[in-house]
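Protein chains in written order, with this note's numbering: chain S, 1 to 166; chain U, 1001 to 1166; chain H, 2001 to 2166.
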């Protein structure tokens, strides 16, 4: 049985840094993933920091492959979105050094590799939203848009990109 | 035979508010839809107001379900996009109180649930563009991007999100 | 055998304008494509210039039709993305007159019409990234997001939209 980290998490002040919030959840940021093409993982323009699409992998090892609704369950889709969002957070930290420099997350765009007839995209995408909300607290509340894809880069299950205000 | 509302609409000054323009068209804003997940329906960052993806429903009742090109005609796809865009406008009003506070609409992103071989995405998406243009007049002229999806959240036919300058 | 234009290109100073860089590559900007619906090809809001989705056509003649991975090879998908991106550049120039007024490209969003099981979206999308990088040099380094679509507007193979800082 896994220890319940929720009480520890809820005991955190709303002024806790994202790094403290992640640590309280026992979550370690993965190494910053490289780009899968000739582009930048993040860019800052004005007060807007945006990331490229992030895959559900750790250190080059793809953790969630295939279609949600056939190859993968909704719960696995949720976990895949969670990992994609964790890689987004690693990119944000790489961009600004300390995650406290992020004023707020303003937008999350998710794309899901799903089987014909699958309609629970929203529950799966909550994995990304929850990861962002847990790390950034009230500053994590974001708009979002979901896209369903019949196929994906490297057969991965989910892609997430984020816009943050800095 | 339906009364023709066009003359009334065209008689409107270009200084008419979006609310006056909608009223002249006999269009009532639907109740502001809640989020289908743990996110915000809209966010303002700097001078940019962005909405989350909006579905073609009224008060929780999904009006357009299925794939454009098989389950639904292009005209129904047009109407579905129109309703998604009307929900966007309801969100914008909820964000700023009076729609006159919107300086202009800058971008519309639409996603359409469509049948294999369907290629008239642009005509369907015009439903969203026309709704925005009718409500905002010259301030409604926007860029747009269209995505075709093989499946959608809650089997809905269309999703629309908008960026506005405030 | 085609003449190798690479040396000429590499000999360009990093201060060369995008127009000079394109000329050195022997690339001519296509006529600015019109919109495929009731929207604007580009909009400037604050310091952000954004384009609508651009198709792989020249003067109304669609050059790449069908699905990458079945109708088209990855190389053709690469060329299709390259042409979509070239049309983006034509729109940017139409917006600002001289491409030197673009401070940098910050984001590229691509959508690809692909066959079931296709997983090399990233290699194809590099066609768009390379076009942008070749035209803008260091100012071209961008974030990007890729979407796979089962069908596309006018059966085209690729769509690209770009955000630039002005």
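Backbone N, C-alpha and C define an ideal beta-carbon position, used for all residues, glycine too.
Everything numeric in this text was worked out from a predicted model, so none of it was measured.
Boundaries of the beta strand (DSSP E) around residue 1148 of chain U: 1143-1149. The three-state secondary structure of residue 1055 of chain U, taken from DSSP, is coil. The shortest CA-to-CA distance from residue 117 of chain S to any of U:1067, U:1016 and U:1025 is the one to U:1067.
Burial state of residue 60 of chain S is exposed, judged by a 10 Å Cβ sphere holding fewer than 16 other Cβ atoms.
If you ignore the 5 residues before and after residue 85 of chain S, its C-beta comes within less than 6 Å of the C-beta of 128, 131, 132 and 160, all in its own chain and listed in chain order. Nearest CB-CB separation between residue 1109 of chain U and chain S: below the 8 Å threshold.
In the three-state reduction of the DSSP assignment, residue 1047 of chain U falls in the coil class, being assigned neither a helical nor a strand state. For residue 1050 of chain U, at least one C-beta of chain S is nearer than 8 Å to its own C-beta. With contacts defined by Cβ atoms closer than 8 Å, residue 2091 of chain H and residue 2054 of chain H form a contacting pair. Closer than 8 Å to the CB of residue 1077 of chain U there is not a single CB belonging to chain S. For residue 36 of chain S, the C-beta contacts it makes with chain H under 7 Å involve 2122, in order along the chain. With a cutoff of 8 Å on beta-carbon distance, residue 102 of chain S and residue 139 of chain S are scored as near each other. By the neighbour-count criterion, in which 16 or more other beta carbons inside 10 Å mark a residue as buried, residue 1136 of chain U falls on the buried side.
Close to residue 153 of chain S, with beta-carbon spacing below 9 Å, are these residues of chain H in chain order: 2119, 2120, 2121, 2122, 2125, 2146 and 2148.
By the neighbour-count criterion, in which a residue is buried when 16 or more other Cβ atoms sit within 10 angstroms of its Cβ, residue 1158 of chain U is buried. Between residue 143 of chain S and residue 1050 of chain U the beta-carbon gap is near 5 Å, inside 8 Å, which marks them as a contact. Going by C-alpha positions, residue 95 of chain S is about 18 Å away from residue 83 of chain S. For residue 1043 of chain U, the nearest CB of chain S lies under 8 Å from its own CB, placing it at the interface with that chain.
Taking 8 Å as the upper bound for CB-CB distance, residue 2065 of chain H and residue 2156 of chain H are in contact here, some 6 Å apart. Contact between residue 122 of chain S and residue 1153 of chain U holds: their C-beta atoms lie close to 5 Å from each other, under 8 Å. Where residue 2104 of chain H is concerned, there is no enclosing alpha helix (DSSP H), although the beta strand (DSSP E) around it starts and stops at 2104-2113. Secondary structure note for residue 2039 of chain H: it is in no alpha helix (DSSP H), with a DSSP letter that is neither H nor E.
Among the CB atoms of chain S, one or more fall inside 8 Å of the CB of residue 2165 of chain H. Across the set S:148, S:106 and S:120, the C-alpha of S:106 shows the shortest separation from the C-alpha of residue 1045 of chain U. Per DSSP, the unbroken beta strand (DSSP E) holding residue 2159 of chain H starts and ends at 2158-2165.
By the neighbour-count criterion, in which a residue is buried when 16 or more other Cβ atoms sit within 10 angstroms of its Cβ, residue 1098 of chain U is exposed. Using beta-carbon distances, residue 2046 of chain H counts as an interface residue toward chain S, with a partner under 8 Å. With contacts defined as CB atoms closer than 8 Å, residue 2014 of chain H and residue 2104 of chain H fail to qualify as a contacting pair.
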